[in-house]
Amino acid sequence: MKKFVVTLTVQALLAVATVHGTFLPRGATSSSSITTTTNSYPPTAVTATATTNDSVVSVTNIVGLPRGGEASSASTFITRVSNKAKEVNRKITARKQTPGSKVMVSSLMLLLGGFLCDKGMNLIPVLYPTQSTFLFNTNNLFGHKSAKELCEAGKSILYAYPLSVSESISDQSGIASVILNTFGTLAAILFLAGRLGQPSVFPMEASHAGCLFNFVRLICPITILYFVPNIRTLGLNGGVTNPGDTIELATHTLSAANSWVLCPLCEMISSVIDLAKFYHQNPRGDKFIPSDADVEENPKVWVGTLYKSLWVGFTIARGMLSLAMLIFLVKYFQFGEIYDVAHDCDALNNIRGASQEWIMSALVGSLYILLAISQLIESSGRRLSSLLYLVPIIVFFSKRVGMNIVHLLWTFDMKKNYLKIVEMPGGVPSAFMLGVMNSYKEWEGDWKSCTIALKDLDNVPKNCFAKDYYTKS
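Numbering (numbering that gives the first Met the number 0), first residue to last: 0 to 472.
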């Protein structure tokens, strides 16, 4: 590459020198004479004389100088360089984009989109407490008390929660809404542009039914990433006063609910089909993972076995995560259940139900991170050098996926983990939160002095999180 750049630079400089040294001025329209001496050493100069009506212009152009005593002239050197540049350009332009390289670009788009979805949702517990909606009840559509009011009364400011996706974006001028909207829109564009890593083309051609299935797979995450942030919820105080409000509220709710169900369902089906076709083609001896190499390597060498093992592992992980998400939705998920806070049990229920929203949305991003990694493994060509970029990607993004799973597991023991869920371990807001919270001028107090931890956890009933707890009480 460096040699190619140097070659192009030399050509450009020689071209400029030729233009400025041999071309006559635009005003030279009368007769001219050129005297050249050839077959002499050292090389002589070319002298061009142009006569115009006003003046006589003489231009001297140096054709070539000897290099280190060599007999070859600069003109021969220029020809050699030019031919070399043409050869390099021909080799570069002659290379065609392979199926593996196409899928690699699409998979990187998918990987970035999944990361943006994951990152945006995990920012909710950090950004929501810094909004005026939470702190001072400004533009609050859900009827919660403000954190300022609770702090002055000596109560935990967690009574002002939840931090659900819907409430975080209800005030669409808030920082959480702006960031979620930006991250979600960009992730949706990346998913559409990358076509989820082009699953209909790679690694096997899809049938007519397969194309329809892949289209459904593609649309599922778009609804949660694009529709939900752009179509706000009306809240409890906003009310539903006309048919337009009804349609808006239904669109917001169904976009999230359908994505939580259909995204894991489609990925579970896809992972099962991929594994079935993988083992059907006898992976120990036949080529399944495509390679860009002209000659296929021996599939039994350790490098090929490593790549196949990685692909199988991430495909199984995607299927298992999809199944776990579906089971969680059916058995444990508290969709849209927000209660008036009278005691610590209410506060824990609100935090639990609301946090499950952004955790489930983050896990949707995790599904496509796992899909992107498996497709990057496919498009690597089973080259040992491809591990240089695959290993850092696998380590970093596997950690992100693991964190989301851990966050979901935290919700099974709210008494122990509720402070971790709201990103305030030890009952103290982070330095970033305190910096933003104390920058508001509506209150002269210090948010650090407010009560965070719930005080009456010992009296929280065992059936606090049961679905029929509120109907009985």
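Heads up, the beta-carbon is just placed ideally off N, CA and C, and yes, glycines get one too.
L111 is a Cβ neighbour of L189, given a cutoff of 9 Å. Comparing alpha-carbon positions, the option among S106, K101, H143 lying closest to V340 turns out to be H143. By the C-beta criterion, the region 352-370 is judged to be in contact with the region 118-134, since at least 3 inter-stretch pairs fall below 8 Å. Per the coordinates, the alpha-carbon of V164 lies some 43 Å from the alpha-carbon of L383. Cα atoms of T132 and G173: separation of roughly 8 Å, rounded to the nearest angstrom. Across the set S360, W310, N348, the C-alpha of S360 shows the shortest separation from the C-alpha of L328.
Listed in chain order, the non-local C-beta contacts of I178 below 8 Å within the same chain comprise G119, L122, L126, local neighbours out to five positions each way being set aside. Contact check for L453 against L347 passes: the beta carbons are separated by less than 9 Å. Using a 10 angstroms sphere on the CB of D343, the tally of other CB atoms reaches 16 or more, which defines it as buried. According to the DSSP assignment, S145 belongs to no alpha helix (DSSP H), since it is labelled neither H nor E. The region 310-319 makes contact with the region 258-274; the number of CB pairs closer than 8 Å reaches 3 or more. Membership of Q374 in the alpha helix (DSSP H) is indicated by the continuous run 343-378.
In this chain, V421 is not harboured by any alpha helix (DSSP H), its DSSP state being neither H nor E. Excluding the 5 residues flanking it on each side, T450 has same chain C-beta neighbours closer than 6 Å at S155, in chain order.
One thing to note: L248 has its Cβ no nearer than 9 Å to the Cβ of G183. For F431, the enclosing alpha helix (DSSP H) stretches over residues 430-436.
Between P161 and I350 a beta carbon distance of about 6 Å is seen, short of the 8 Å cut, so the two are scored as contacting. DSSP places F190 inside the alpha helix (DSSP H), whose first and last residues are 174-193. If you draw a straight line from the Cα of V390 to the Cα of Q374, it is about 14 Å long. By the 16-neighbour rule on beta-carbons within 10 angstroms, F411 is exposed.
With respect to the C-alpha of A192, the residue from I372, I221, E443 having the closest C-alpha is I221. Listed in chain order, the alpha helix (DSSP H) elements of length 4 or more contained wholly in the region 108-136 are 123-126, 131-135. Nearest in C-alpha terms to D117, of all of V400, P228, E443, is V400. Between I420 and H406, the CB-CB gap stays under 9 Å. The alpha carbon of L370 has as its nearest neighbour, out of L362, T314, K415, M413, the alpha carbon of T314. About 18 Å separates the CB atoms of W301 and E377; that is not less than 8 Å, and the two are not in contact. Per DSSP, reduced to three states, the secondary structure at G444 is coil, with no helix or strand assignment.
Its chain contains T314, R317, G318 as the residues whose beta carbon lies nearer than 6 Å to that of S270, once the 5 sequence neighbours on both sides are disregarded; these appear in chain order. In chain order, I451 place their CB closer than 7 Å to the CB of M423, counting only its own chain and leaving out the 5 sequence neighbours on each side.
The C-alpha of A323 is placed about 22 Å away from the C-alpha of N213. In this structure Q197 is in contact with K101, their Cβ atoms being roughly 7 Å apart against a cut-off of 8 Å. For D455, the secondary structure class from DSSP, reduced to helix, strand or coil, is coil. Rounded to whole angstroms, the gap between the alpha carbons of N136 and M402 is 31 Å. In the structure shown, the three-state DSSP call for S155 is coil.
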